[in-house]
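Here numbering that gives the first Met the number 0 is used: the first residue of the sequence shown is 0, the next is one more, and so on.
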Amino acid sequence: MRGRSKPWAVPYLQAHEELVYQNLPENDEFLRQSPLYLEIGMGKGDFIIGLSQKQPGHYLGLERDLSILATAAKKIEGLDVDNVRLIGGDFDDLFEALGKYRFDKIYLNFSDPWPKKRHAKRRLTYHERLAKIASLLKEGGQIVFKTDNPLLYAFTLEEVPLANLKIVYNTDHYDFDETHDAMSEYEARFRGLGQNIHRVIIEK
Ligand SMILES: C[S@@+](CC[C@H](N)C(=O)[O-])C[C@H]1O[C@@H](n2cnc3c(N)ncnc32)[C@H](O)[C@@H]1O
0 MRGRSKPWAV PYLQAHEELV YQNLPENDEF LRQSPLYLEI GMGKGDFIIG LSQKQPGHYL
60 GLERDLSILA TAAKKIEGLD VDNVRLIGGD FDDLFEALGK YRFDKIYLNF SDPWPKKRHA
120 KRRLTYHERL AKIASLLKEG GQIVFKTDNP LLYAFTLEEV PLANLKIVYN TDHYDFDETH
180 DAMSEYEARF RGLGQNIHRV IIEK
C-alpha cells in the first residue's frame, strides 16, 4: 500500500498523543494489559478497528507509512474505540522497544509480497524476521497471517520451520470467519475481485 504523502499527517499524529505513541515507553500501562494484540503493517485500520470491536482486549497497530497511519488515526478518532493505540515506524526499527511487551496474537494482513527473489529478505515472513516477531509472543501465543498472494503463502510455509516455529493451521482457501476475524481494506478488495485468501496460523 503506497500512501500519497499527506502534509497534515505528522502534525495530526503528534497532536493525538492519547491514541498515537510518539515512541514506545518502558512501562506503559496500556501495553501491560491482557490480552494484548499487535498488528504489523496495519494500513488504514479497518482490521484492527473491526477486531477490537468484536474481540475484547487491547490492540496496538503498527504502520511505517505515516500518511496511511494518520488516515487510520482519523478513522479511530471518529469512533467510540478506546482499546486501540497506534505507533508509526518500521517493524525492524521498533523491534527492540516492542521487546518490553508480550502479545497474545500478532496479525500480519496482506503484507507486502516483495515479488522479486532478491528482495525476499524484506518480506515480513522472512525467517529471521518471523523469529523476531515470534519472540514478542506470550507462551502459547500465535502469529495469524493472511495473504492473497500464492507465492508469499508458499514462501511463508517454507520459512516457518526455518524460524523454529510450527504451523498449526493453513489453508489456501480461507472462508472468512465473521465471528472471530475482521476484514482489512486489502482483504475486502481481493474478496470483491473473487480472489482466494490464504491463511496461516503459527506458534512457537
Ligand atoms: C499491502 S499493505 C496491507 C495493509 C493492510 N494490512 C490491509 O490488509 O489492508 C501492507 C502495509 O504494511 C506496511 N508495512 C510493510 N512493511 C512494514 C514494516 N516492516 N513495518 C511496518 N509497516 C510495514 C506498509 O506500509 C503497508 O501499509
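In this text, a Cβ means the ideal position worked out from N, Cα and C, and glycines have one as well. Bear in mind that the values here come from a model prediction, so they are computed numbers and not experimental data.
Beta-carbon contacts of residue i that lie in its chain and below 6 Å, excluding the five residues immediately before and after
i      : result
Thr170 : Arg198
Arg31  : none
Val159 : Ile166, Ile201
Leu59  : Leu37, Arg84
Trp113 : Arg121, Arg122
Gly56  : Pro34, Tyr36
His126 : Glu158, Leu161, Ala162
Leu50  : Ala181
Tyr152 : Thr146, His197
Asp27  : none
Residue range of the alpha helix (DSSP H) that includes residue i
i      : result
Lys74  : 65 to 76
Phe94  : 90 to 97
Gly49  : 45 to 53
Thr178 : Careful: Thr178 lies outside any alpha helix (DSSP H) and carries neither H nor E.
Thr124 : From DSSP, Thr124 is part of no alpha helix (DSSP H); its letter is neither H nor E.
Pro6   : Element bounds for Pro6: n/a, residue is neither H nor E.
Leu161 : 149 to 161
Boundaries (first-last residue) of the beta strand (DSSP E) holding residue i
i      : result
Arg84  : 83 to 87
Phe144 : 136 to 146
Arg198 : 197 to 202
Spatial neighbours of residue i in its chain, beta-carbon cut-off 8 Å, leaving aside the 5 residues before and after
i      : result
Asn69  : It is Ala, not Asn, that sits at residue 69 in the sequence shown. Closer than 8 Å at Cβ, skipping near neighbours: Lys5, Trp7, Ala8, Val9, Tyr11, Leu12.
Tyr168 : Arg198, Val199, Ile200
Tyr196 : Strictly speaking, residue 196 in this sequence is Ile, with Tyr absent from that position. Cβ within range, chain order: Lys145, Thr146, Asp147, His172, Tyr173, Phe175, Glu186, Phe189, Arg190.
Ile75  : Leu18, Gly44, Ile48, Val83, Leu85
Ala96  : Asn22, Leu23
His15  : Ala72, Glu76
One or two residues paired with residue i in a DSSP bridge
i      : result
Asn169 : Val199
His57  : Leu35
Ile105 : Leu37, Ile142
Glu62  : Gly87
Same chain, Cβ closer than 7 Å to residue i, neighbours up to 5 away in sequence not counted
i      : result
Thr155 : Thr124, Phe144, Val199
Asn163 : Ala130
Ser183 : Gly42, Asp45, Phe46, Asn108, Phe109
Arg101 : Leu135, Leu136, Lys137
Gly140 : Phe102, Asp103, Lys104
Lys99  : Glu25
Phe94  : Lys131
Within the stretch 17 to 47, note down every full beta strand (DSSP E) run reaching 3 residues or more, in order along the chain. At a cut-off of 3 residues, the continuous stretches assigned as beta strand (DSSP E) that sit fully inside the stretch 17 to 47 are 35 to 39.
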